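Take a look at the structure below.
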Amino acid sequence: MPNKSEYAQGTPSWVDLQTSDQDAAKEFYSELLGWEYDDRPMPEGPVYSMATVRGENVAAIAPLPPDAAKAGAPANWNTYIAVDDVDATVAKVPGAGGQVLMPAFDVSDAGRMSFVTDPTGAAVGLWQANRHIGASLVGDPGACLWNELNTGDVDKALAFYNSVFGITSSTMSMGPEYTYHLLEVGEDQVGGCGQPMTPGTPNHWRVYFAVENVDASAAKVVELGGTIVEEAMDIPTVGRMAGVADPQGATFSIMTPEERQGQ
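Residue numbers (my numbering): 62 to 324.
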């Protein structure tokens, strides 16, 4: 896919991992997805490891905040949605039923961010770009392919994202018992929303990474100390995917798009 140079309001633009073992996580994703790293010290002390594919930024790995780590918070992947004005967007969150977890603040000259939860409890970041636009490569193997909100109350969530970010949606039938919602900004499909595939899963934003061969990559996950959360399956007209977890427990998905299968 072409490199990205900007993101429209409402489009997921960045993902990062907060983990209990940064060095081990870096090694795992390097082996699995071919990542290289550009370690960038943060003002408060920890290092933010920018993951790259062919020199392009695709994601980042950082340690869990000390308070979260002490409280036993799990390792997790975060999705960030691009906004034109983070302060104005955050101001809409309480009225739409969400909560502000982290008020807006500047990240040096990279951009301005905030963290909120939607009314169903799923956490999501807001990113107003300055020098860092977000991922400069998407869709290619090793890069983020898709962002998906898994929630038990789809209607409530969709109303929130429309009110706060201007995201609209359309439905996609995936059988008699499951309806998937495509998230849209203008005419572009920018993500998805649906009930969690695994009962009891907390509401969250799931990150999908593109791989050349899902089955081979799933086997590699296990070899590297991770686990399979959802066995590899075919999704008609979309591709083949599997849900996995890294050795520190952070869950994500891997997918080979249909157009890449057999290549």
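Idealized CB from N, CA, C, for every residue including glycine.
None of the values given here were measured: they were computed from a predicted structure.
For Glu92, the uninterrupted alpha helix (DSSP H) run begins and ends at 83-94, by DSSP. Non-local beta-carbon contacts of Asp148 in its own chain, meaning distances under 6 Å to residues more than five positions away in sequence, involve Ala165 in chain order. With distances taken between CA atoms, Gly172 lies nearest to Leu187 out of Asp179, Leu187, Gly182. Residue burial is scored here from C-beta neighbours: Glu209 has at least 16 other C-beta atoms within 10 angstroms and is therefore classed as buried. Counting only residues of its own chain and dropping the five nearest sequence neighbours on each side, Ala190 has a CB closer than 6 Å to the CB of Gly172. Taking a 10 Å sphere around the C-beta of Tyr239, we find fewer than 16 other C-beta atoms and assign the residue as exposed. Counting only residues of its own chain and dropping the five nearest sequence neighbours on each side, Tyr98 has a CB closer than 8 Å to the CB of Lys87, Ser91, Ser110, Met111, Ala112, Thr113, Ile122.
Counting the other Cβ atoms within 10 Å of the Cβ of Ser230 gives 16 or more, which makes it buried.
Nearest to Asp145 by C-alpha distance, out of Ile194, Pro135, Lys131, Leu244, is Ile194.
The beta carbon of Glu117 is closer than 7 Å to those of Asn64, Ser197, Leu198 in its chain, skipping five residues each way along the sequence. Between Ile142 and Val185, the C-beta spacing is below 8 Å.
With respect to the C-alpha of Thr181, the residue from Leu162, Ala204, Val215 having the closest C-alpha is Val215. Counting only runs of 4+ residues, the alpha helix (DSSP H) found wholly inside the stretch 211-298 occupies 215-226, 275-284, in chain order.
One Cα belongs to Ala303, the other to Gly252, and the distance between them is close to 17 Å.
The Cβ neighbour count for Gln160, taken over all protein chains shown within 10 Å, is under 16; the residue is labelled exposed.
Beta-bridge annotation (DSSP): Gly159 is not paired with any residue. At a Cβ-Cβ threshold of 8 Å, Thr80 and Ala120 do not count as neighbours. Between the alpha carbons of Asn274 and Ala306 lies a gap of roughly 17 Å. Close CB contacts of Thr232 within its chain, under the 8 Å cut and outside five residues either way in sequence, are with Thr240, Tyr241, His242, Leu243 (chain order). Shortest Cα-Cα distance from Arg267 to any of Leu94, Lys281, Met316 involves Met316. If you look at Ala129, you'll find it isn't in any beta strand (DSSP E); it sits in the alpha helix (DSSP H) that goes 127-131.
In the three-state reduction of the DSSP assignment, Ala120 falls in the strand class. Spanning the alpha carbons of Val299 and Leu285 requires a straight line of approximately 27 Å.
Pairing Ala157 with Asn264, the inter-Cα distance amounts to about 17 Å. Here Cys254 is not near Thr312, since their CB atoms are 8 Å or more apart.
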